[in-house]
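Engineer:
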Amino acid sequence: MNQGSSELPAAGHSAEVFIQGPAGRLETLVAMPKEDLRGFCVVCHPHPLFGGAMTNKVVYTLASCALKAGFATARFNFRGVGKSTGLYDETRGETDDALAVVAWLRAQLDPVLAASAQAGPLPLTLAGFSFGAYVALNAAAQARPQRLVSIAIPFGRYVNSSAPPPHPGCPWLAVHSHDDDVVDFASTQAALAAYAPPPRLQEFDGAGHFFNGRLTELQDVVLPFLR
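Structural data, given as C-alpha cells:
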C-alpha cells in the first residue's frame, strides 16, 4: 500500500491518501476494483468518541461489498480520528468531511472516465455504520447518491440533530438487528417508517450492534443491493 499517495491506485490495489478536508487532512484508504469500474462508494465509520474508525469490521465489510460490486471505494477517518486532523463536531463537521471525500474521489475519477470515453458520470453510493450511517444520510442531501446503505442508523441518540435528515431520494437499504444494545431497533424502525417512501429495512435477529459472527450474512444482504 502506497503511503500518502495523492493518486488513485491501480486496478485491484489500494492506497492510503490524505485528502484536504474542511478541518485539515483526512486519512483515507482508497481501493479500486479489479475489473470494470461501475461506480464509486464512500463509507462512513461509527462514532469517533466511542472508538469508531475506518478499520471497523462492519465498515470493512461495506467497503468489501462495494469493491465486489465494481466500485472505486473510499473509507476514511473523520476529523480527529487516526491521522485525520481536527476535532469532533457532532455530525456537522463529519458531514462536511464525507462530502470532501466524495468530491475528491469524483475529481480523481473524472480523468479515468475521460480516458475510457465512458458516457455520463459514475453513480455514487454512500454507506455508513451507526453514527456513520447518520452522517451518510445527512450528506446525501448534497451528494445526491444513486444508492444509500444504512447499518444500525441512530436517530436521537449519539447524534445532535433537532430533525431527521431529508430523504436521500434514491434506493435506500437499512439493516438493523432486533437485539441491538447500542442503537434501539424500535426507535430506528419508527424513524425510518416516517420517511416517504421508507427504506427497505432488512431485520436481523441476534446480531447485536456489531454483527459479530454475522458479517457474511450482512454481506449477503448488502452486495445484491449494490449490484
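Here my numbering is used: the first residue of the sequence shown is 1432, the next is one more, and so on.
Ideal placement from N, C-alpha and C gives every residue a C-beta, glycine not left out.
#1: Spatial neighbours of residue 1613 within its chain, please: C-beta separation below 6 Å, excluding the five flanking residues on both sides.
#2: Check this for me: beta carbons of residue 1483 and residue 1562, under 8 Å apart or not?
#3: Indicate the three-state DSSP secondary structure (helix, strand or coil) for residue 1512 in the structure shown.
#4: How long is the line joining the alpha carbons of residue 1489 and residue 1646, rounded to whole angstroms?
#5: Per DSSP, what kind of secondary structure is residue 1475 in: helix, strand or coil?
#6: Excluding the five sequence neighbours on either side, which residues of its own chain have a C-beta within less than 8 Å of the C-beta of residue 1650, listed in chain order?
#7: Closest by CA to residue 1513, which one among 1447, 1590 and 1467?
#8: Who are the Cβ neighbours of residue 1438 in its own chain at under 6 Å, not counting the five residues just before and after it?
#9: Evaluate residue 1518 with the Cβ neighbour count: other Cβ atoms within 10 Å of its Cβ, from every protein chain shown; 16 or more gives buried, anything less gives exposed.
#10: Helix, strand or coil for residue 1547 per DSSP?
#11: Classify residue 1515 as buried or exposed, calling it buried when 16 or more other Cβ atoms lie within 10 Å of its own Cβ.
#12: Can you grab the Cα-Cα spacing for the pair residue 1504 / residue 1557, in whole Å?
#13: Would you call residue 1477 buried or exposed, if buried means 16 or more other Cβ atoms sit within 10 Å of its Cβ?
#14: What are the residues that DSSP puts in a beta bridge with residue 1607?
#15: Expressed to the nearest angstrom, what Euclidean distance is found between the alpha-carbon atoms of residue 1637 and residue 1615?
#16: Could you tell me the alpha carbon to alpha carbon distance between residue 1510 and residue 1528, rounded to whole angstroms?
#17: Report yes if the CB atom of residue 1599 is closer than 8 Å to the CB atom of residue 1623, and no otherwise.
#18: Put residue 1536 into one of helix, strand or coil per three-state DSSP.
#19: What does DSSP give as the partner residue(s) for residue 1647 in the beta ladder?
#20: Answer with buried or exposed for residue 1571, where buried requires no fewer than 16 other C-beta atoms within 10 angstroms of its C-beta.
#21: Would residue 1506 be called buried (16 or more neighbouring beta carbons within 10 Å of its own) or exposed?
#22: Which term fits residue 1525, buried or exposed, when burial requires 16 or more other beta carbons within 10 angstroms of its beta carbon?
#23: At which residues does the alpha helix (DSSP H) containing residue 1619 begin and terminate?
Structural biologist: Short version:
#1: In the sequence shown, the residue the question calls residue 1613 occupies position 182. So the qualifying residues of the chain are 1640.
#2: Translated into positions along the sequence shown, residue 1483 becomes position 52. Translated into positions along the sequence shown, residue 1562 becomes position 131. Cβ distance < 8 Å, so residue 1483 and residue 1562 count as in contact.
#3: Translated into positions along the sequence shown, residue 1512 becomes position 81. DSSP places residue 1512 in coil when its eight states are reduced to three.
#4: In the sequence shown, the residue the question calls residue 1489 occupies position 58. In the sequence shown, the residue the question calls residue 1646 occupies position 215. The alpha-carbon atoms of residue 1489 and residue 1646 are separated by roughly 7 Å.
#5: Numbered from 1 along the sequence shown, position 44 holds the residue referred to as residue 1475. Three-state result, residue 1475: strand.
#6: Here residue 1650 is taken as the residue at index 219 of the sequence shown, counted from 1. Only 1492, 1495 and 1496 meet the Cβ criterion.
#7: In the sequence shown, counting from the first residue as 1, residue 1513 sits at position 82. Nearest option by C-alpha distance: 1447.
#8: Looking up residue 1438 in the sequence shown gives position 7. Answer for residue 1438: no residue qualifies.
#9: Here residue 1518 corresponds to residue number 87 of the sequence shown, with the count starting at 1. Exposed is the call here.
#10: Here residue 1547 refers to the residue found at position 116 when the sequence shown is read from its first residue. Correct three-state label for residue 1547: helix.
#11: Counted from its first residue, the sequence shown places residue 1515 at position 84. Buried, since its Cβ has 16 or more Cβ neighbours within 10 Å.
#12: As a first step, residue 1504 must be located in the sequence shown, where it is residue number 73. As a first step, residue 1557 must be located in the sequence shown, where it is residue number 126. Each residue's alpha carbon lies about 10 Å from the other.
#13: In the sequence shown, counting from the first residue as 1, residue 1477 sits at position 46. Burial call: buried.
#14: Position 176 of the sequence shown, counting from 1, holds the residue named residue 1607. The partner list for residue 1607 (beta bridge, DSSP) reads 1634.
#15: By one-based count along the sequence shown, residue 1637 stands at place 206. By one-based count along the sequence shown, residue 1615 stands at place 184. If you take the alpha carbons of residue 1637 and residue 1615, they lie about 14 Å apart.
#16: Taking the sequence shown and counting its residues from 1, one reaches residue 1510 at position 79. Taking the sequence shown and counting its residues from 1, one reaches residue 1528 at position 97. Each residue's Cα considered, the two are about 7 Å apart.
#17: By one-based count along the sequence shown, residue 1599 stands at place 168. By one-based count along the sequence shown, residue 1623 stands at place 192. Contact check for residue 1599 against residue 1623 fails: the beta carbons are separated by 8 Å or more.
#18: The residue you call residue 1536 lines up with position 105 of the sequence shown. Three-state DSSP puts residue 1536 in a helix.
#19: Along the sequence shown, read from residue 1 onward, the residue named residue 1647 stands at position 216. Paired residue(s): none; residue 1647 is not in a bridge.
#20: Translated into positions along the sequence shown, residue 1571 becomes position 140. By the neighbour-count rule (16 or more Cβ atoms within 10 Å), residue 1571 is buried.
#21: Looking up residue 1506 in the sequence shown gives position 75. By the neighbour-count rule (16 or more Cβ atoms within 10 Å), residue 1506 is buried.
#22: Residue mapping note: residue 1525 aligns to position 94 of the sequence shown, counting from 1. Under this definition residue 1525 is a buried residue.
#23: Working through the sequence shown from its first residue, we reach residue 1619 at position 188. Element bounds for residue 1619: 1616-1624.
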